[in-house]
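Peer 1: Residue 55 in UniProt numbering is what sits at position 55 of the sequence shown, and the numbering runs on without skipping anything.
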Amino acid sequence: MFFWQKKEVLVTFSLNDFNRVKDILAANQIPYDWKTVPDCGRRGRRTLGTAFMDESVLRQYYLYVEKKEYERAEYLVKTVLTGGKR
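#1: Can you name the residues that DSSP bridges to Q12?
#2: Do K35 and Y62 come within 7 Å of each other at the CB atom, strictly closer than that value?
#3: In angstroms with no decimal places, state the Cα-to-Cα distance between I30 and A73.
#4: Is D33 closer than 7 Å to Q60 when the C-beta atoms are compared?
Structure representation (C-alpha coordinates):
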(Lines of atoms letter the chains of each structure in order from A; the text may use other names.)
(Lines give C-alpha, C1' and ligand atoms only; values in the text may rest on other atoms or scores of the structure.)
Protein backbone atom coordinates (compact mmCIF):
# COMPACT_ATOMS: atom_id res chain seq x y z
CA MET A 1 0.00 0.00 0.00
CA PHE A 2 1.55 3.31 -1.09
CA PHE A 3 1.42 6.28 1.28
CA TRP A 4 -0.89 8.27 -1.03
CA GLN A 5 -3.39 5.39 -1.02
CA LYS A 6 -3.74 5.07 2.73
CA LYS A 7 -5.15 6.98 5.65
CA GLU A 8 -4.23 6.81 9.34
CA VAL A 9 -6.98 5.14 11.36
CA LEU A 10 -5.23 4.69 14.73
CA VAL A 11 -2.30 6.10 16.70
CA THR A 12 -1.82 4.68 20.19
CA PHE A 13 0.72 3.79 22.84
CA SER A 14 -1.40 0.80 23.90
CA LEU A 15 -0.27 -2.53 22.46
CA ASN A 16 -3.57 -4.03 23.61
CA ASP A 17 -5.66 -1.47 21.66
CA PHE A 18 -3.39 -1.85 18.65
CA ASN A 19 -3.87 -5.63 18.58
CA ARG A 20 -7.63 -5.41 19.16
CA VAL A 21 -8.04 -3.01 16.24
CA LYS A 22 -5.80 -5.13 13.97
CA ASP A 23 -7.92 -8.18 14.81
CA ILE A 24 -11.22 -6.44 14.03
CA LEU A 25 -9.89 -5.07 10.74
CA ALA A 26 -8.68 -8.53 9.73
CA ALA A 27 -12.00 -10.12 10.77
CA ASN A 28 -13.81 -7.63 8.52
CA GLN A 29 -11.35 -8.21 5.66
CA ILE A 30 -10.08 -4.64 5.64
CA PRO A 31 -6.47 -4.52 4.44
CA TYR A 32 -4.19 -2.53 6.73
CA ASP A 33 -0.61 -1.46 7.09
CA TRP A 34 1.14 -0.60 10.34
CA LYS A 35 4.33 0.73 11.84
CA THR A 36 5.79 1.18 15.29
CA VAL A 37 8.00 4.03 16.38
CA PRO A 38 10.18 3.96 19.50
CA ASP A 39 9.34 6.94 21.68
CA CYS A 40 12.25 7.32 24.08
CA GLY A 41 12.95 10.99 23.66
CA ARG A 42 15.82 12.57 21.74
CA ARG A 43 18.60 10.57 23.33
CA GLY A 44 16.73 7.30 23.62
CA ARG A 45 17.31 4.34 25.87
CA ARG A 46 21.07 4.30 25.39
CA THR A 47 21.69 7.34 27.56
CA LEU A 48 18.60 7.51 29.73
CA GLY A 49 17.91 3.85 30.37
CA THR A 50 14.42 2.65 31.20
CA ALA A 51 14.61 2.49 34.97
CA PHE A 52 12.31 5.47 35.45
CA MET A 53 10.36 5.26 32.19
CA ASP A 54 6.84 3.91 31.92
CA GLU A 55 7.26 0.78 29.79
CA SER A 56 3.76 1.15 28.30
CA VAL A 57 4.73 4.32 26.44
CA LEU A 58 8.04 3.24 24.95
CA ARG A 59 6.43 2.57 21.55
CA GLN A 60 3.86 4.36 19.47
CA TYR A 61 1.73 2.25 17.14
CA TYR A 62 0.23 3.45 13.85
CA LEU A 63 -2.41 1.69 11.73
CA TYR A 64 -3.30 2.68 8.18
CA VAL A 65 -6.07 1.55 5.83
CA GLU A 66 -6.84 2.20 2.19
CA LYS A 67 -8.69 5.47 1.67
CA LYS A 68 -11.72 3.67 0.22
CA GLU A 69 -12.02 1.60 3.43
CA TYR A 70 -11.42 4.49 5.86
CA GLU A 71 -15.01 5.22 6.92
CA ARG A 72 -15.79 1.57 7.58
CA ALA A 73 -12.51 1.08 9.44
CA GLU A 74 -13.03 4.24 11.50
CA TYR A 75 -16.47 2.99 12.59
CA LEU A 76 -14.99 -0.38 13.62
CA VAL A 77 -12.13 1.27 15.51
CA LYS A 78 -14.53 3.47 17.48
CA THR A 79 -16.72 0.44 18.22
CA VAL A 80 -13.75 -1.59 19.49
CA LEU A 81 -12.22 1.18 21.59
CA THR A 82 -15.49 2.29 23.21
CA GLY A 83 -16.81 -1.22 23.78
CA GLY A 84 -19.74 -0.70 21.40
CA LYS A 85 -21.00 2.41 23.20
CA ARG A 86 -21.93 5.43 21.14
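Ideal placement from N, C-alpha and C gives every residue a C-beta, glycine not left out.
Peer 2: If we stick to the structure as given:
#1: Counting from 1 along the sequence shown, the entry for residue 12 is found at position 12. The residue you asked about is not Gln; residue 12 is Thr in the sequence shown. The partner list for T12 (beta bridge, DSSP) reads Y61.
#2: Position 62 of the sequence shown, counted from the start, is the residue given in the question as residue 62. Position 35 of the sequence shown, counted from the start, is the residue given in the question as residue 35. Yes, the Cβ-Cβ distance between Y62 and K35 is below 7 Å.
#3: Sequence index remark: in the sequence shown, residue 30 carries index 30 (1-based). Sequence index remark: in the sequence shown, residue 73 carries index 73 (1-based). Answer to the nearest angstrom: the Cα atoms are 7 Å apart.
#4: On the sequence shown, residue 60 is found 60 positions in, with the first residue counted as 1. On the sequence shown, residue 33 is found 33 positions in, with the first residue counted as 1. In this structure, D33 does not lie closer than 7 Å to Q60 by Cβ.
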